[in-house]
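Mind the numbering: the sequence shown is residues 1 to 135 in UniProt numbering, read in order.
Beta carbons: idealized from backbone N, C-alpha and C, even for Gly.
Here the structure is laid out as structure tokens; the discussion comes afterwards.
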Amino acid sequence: METFYFVVLSIATVILILILTYIGIRMVYFKQKVAYPPVSASCPDAWSIAASDPSACMIPAFKSSNTGTPNTLYDKDGKLLVNTTTTPGFSSRSNTINFSDSMWGRGGLSSQCAQKLWATQNGITWDGISNYNKC
């Protein structure tokens, strides 16, 4: 009987190794093909959607949560440093940024990659953009 158990255990071990190898290869293959995260928030974390324009995000007040590193969105006196040159879709009238603006896709970058670059440069946390993996 010992030979029977040894053969069964050996065959089961080989089958288990083959199955785990197959699963591992499939996981690596799909990991390379899928953008993560698949969905991103429409506005950076702690920012709100503008009431006047649902496609725009309100820039939080000076010293509010998630306003970036010093001297990126605001200077030390609370003056807004954002402009249309550095931030596509910016509106000084309503103090908003339209992240759906077509200018986010300029320069050979996808809009998500341009937004990730902007968020990283300004120290902004943005779920779905800050951790986007296809740039």
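The beta carbon of Gly128 sits closer than 8 Å to those of Pro37, Val39, Ser40 and Ala41, all from its chain and outside the five residues before and after it, given in chain order.
Tyr74 and Ile59 have their C-alpha atoms spaced approximately 10 Å apart. Looking only at Ser94, Ser92 and Pro88, the smallest Cα-Cα distance to Gly105 is reached by Pro88. Taken through DSSP and simplified to helix, strand or coil, Asn66 comes out as coil. Under a 10 Å Cβ-count criterion, Ile124 is classified as buried, with 16 or more other Cβ atoms of the shown protein chains found around its own Cβ. Distance from the CA atom of Pro44 to the CA atom of Ser91, rounded to whole angstroms, is 16 Å. Sequence-distant partners of Ala119 (beyond 5 residues in either direction) whose C-beta falls short of 7 Å from its own C-beta, in its chain, are Pro44, Trp126, Ile129 and Ser130. Counted as a single uninterrupted DSSP element, the stretch harbouring Asn133 is not any alpha helix (DSSP H), since DSSP gives it neither H nor E.
Phe62 is the residue among Gly107, Thr86, Phe62 and Asn122 whose C-alpha sits nearest the C-alpha of Lys79.
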